[in-house]
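Numbering (this note's numbering), first residue to last: 27 to 467.
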């Protein structure tokens, strides 16, 4: 059974995880986008196609052309109309196309029908994003999350063309039980693996919950960096903390969360966490698979929304981020907007104009460090608003509480008396209980 599972997973990864896309000679890709007439959207088709092209390049594909169509309604069998299918057939023949990438989610039936009609590999936007995630998952948790999403995507798409184990055998014993087809056997194995992955990820989730509980008990504030993919979150974390988080000018260059300790201007320490970047039409299965990671956002004390101010689709990207934050239950968390990449703007007036559109915002360059000091001051002030005013007299025998106040509180006045150390300042609400015996009115 172990060998069977190994064979199955190796074949699955070869078929789906992007090994073919990663060949030394890039596959030639044709991009297809669709606009439904009368459908309200804040994301123009042109912007979506530009992003699809960037996703394709990130996955190692060579984009050789684009096709778009405006439809009154979706065609159930092929999504696009028959005339457009014939046009794509001609392009495939003349442009030597290896793969066609759709900027929509195709049903399993639509994907199979298109592959039969066009005689090339067909993938949709979700499959492309999953491929990129598979390449960039570097930790065990990230790999588990991506693998779960891949299997859930692939399960309804199994056909007899994918029954790769039909002629395999283990120890001379056939793989199928009485009356079980190979397709049923493959589906059963996938379902079993999905169950196992969910169990392992639940253990990861419980571990994260215990870790967050210890953080709450220690009253260490957490600031989560969120934003559209490639907005500059990892660069900002590196600038703030001196960390060495991978930074590339690619979508989803950083997938696994990274946490670093940072000292604010007031002297207290907080934890900054870099999280997975969001994207328009983020697959629902990825949101579900990354639940344990995304809970870090909903449990944070403060969010910093990092925005690429140079993007022509900046407002649409911001709306996409707001949508995901709502999906993961983080829309209640206080938020600061960091308008990044101001070093690429020609006029400072453009920065001021953008600042007017975002409340509680600051312009920064994560790359050069410009404006980062102002950002940290804003973080300090915002977190201070979540604190309570206290006056405490701490006896010398409880000196560890003085150190605790210095690390996580804000001190206005400190005086050493005969009875102990008297401090006037602010403390996080979660930490105040530990100082209750020494509070003065």
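The beta-carbon is built from N, C-alpha and C at its ideal position, and this holds for glycine as well.
Where the beta strand (DSSP E) containing residue 434 begins and where it ends: Where residue 434 is concerned, there is no enclosing beta strand (DSSP E), although the alpha helix (DSSP H) it sits in stretches over 425-434.
Leaving out the 5 sequence neighbours to the left and right, which residues in its chain are closer than 8 Å to residue 92 when beta-carbon positions are compared? 56, 57, 58, 59, 75 and 79
Proximity of residue 415 and residue 452 at Cβ, strictly below 8 Å: Yes, they are a contact pair.
Inter-stretch contact at 8 Å, needing at least 3 Cβ pairs: the stretch 113-133 / the stretch 344-352: no
For residue 102, count the other beta carbons within 10 Å of its own beta carbon; 16 or more makes it buried, fewer makes it exposed. Which is it? Under this definition residue 102 is an exposed residue.
So is residue 129 buried or exposed if we call it buried at 16+ other beta carbons inside 10 Å? Buried.
Among 160, 184, 182 and 165, which one has its Cα closest to the Cα of residue 173? Among 160, 184, 182 and 165, the Cα nearest to that of residue 173 belongs to 160.
Within 8 Å, do at least three Cβ pairs link the stretch 419-434 to the stretch 379-395? no
In angstroms with no decimal places, state the Cα-to-Cα distance between residue 362 and residue 122. 48 Å
Along the chain, where does the beta strand (DSSP E) that runs through residue 174 open and close? It is not in any beta strand (DSSP E) - residue 174 instead sits in the alpha helix (DSSP H) that spans 166-180.
Which residues does DSSP list as the beta-bridge partners of residue 454? BP columns for residue 454 point to 413.
Given residue 440, which residues of its chain have a CB within under 7 Å of its CB, disregarding the five upstream and five downstream residues? Counting only Cβ-Cβ distances below 7 Å, and skipping sequence neighbours, we find 447 and 449.
Where residue 366 falls: helix, strand or coil (DSSP): When secondary structure is reduced to three states using DSSP, residue 366 falls in the strand class.
Delimiting residues of the alpha helix (DSSP H) encompassing residue 353: Secondary structure note for residue 353: its alpha helix (DSSP H) is the uninterrupted segment 340-353.
Counting C-beta neighbours from all protein chains within 10 Å, is the total for residue 366 16 or more, i.e. buried, or is it exposed? buried
Same chain, Cβ closer than 6 Å to residue 134, five either side skipped, listed in chain order: 182 and 183
Under a Cβ-count criterion, where at least 16 other Cβ atoms within 10 Å of its own Cβ denotes burial, should residue 264 be classed as buried or exposed? Buried: at least 16 other Cβ atoms inside 10 Å.
Would you kindly work out how many angstroms separate the C-alpha atoms of residue 438 and residue 428, rounded to a whole number? Rounded to the nearest angstrom, the two C-alpha atoms are 14 Å apart.
If we call anything under 8 Å between Cβ atoms a contact, is residue 326 one with residue 249? Against a cut-off of 8 Å, the Cβ pair of residue 249 and residue 326 comes out as a contact.
What first and last residue would you give for the alpha helix (DSSP H) that runs through residue 118? 108-121
Label residue 383 either buried or exposed according to how many other C-beta atoms from any shown protein chain fall within 10 Å of its C-beta, with 16 as the threshold for buried. exposed
Excluding sequence positions up to five away, which residues of its chain have a Cβ less than 6 Å from the Cβ of residue 198? In this prediction, residue 198 scores a pLDDT of 35, lower than 50, which makes its location untrustworthy; the coordinate-derived value is nonetheless stated afterwards. Answer for residue 198: no residue qualifies.
With distance defined between alpha-carbon atoms, name the residue in 328, 411, 436 and 143 nearest to residue 418. 436
Opposing strand residues paired with residue 361 [DSSP bridges]: 329
Pair within 8 Å by beta-carbon distance, residue 252 and residue 371: no
Determine the extent of the beta strand (DSSP E) in which residue 125 is found, giving its start and end residues. 125-128
DSSP on residue 259, reduced to helix/strand/coil? Reduced to three states, the DSSP call for residue 259 is helix.
Residues bridged to residue 439 (per DSSP): 450
Spatial distance of residue 227 from residue 67 (CA atoms): 34 Å
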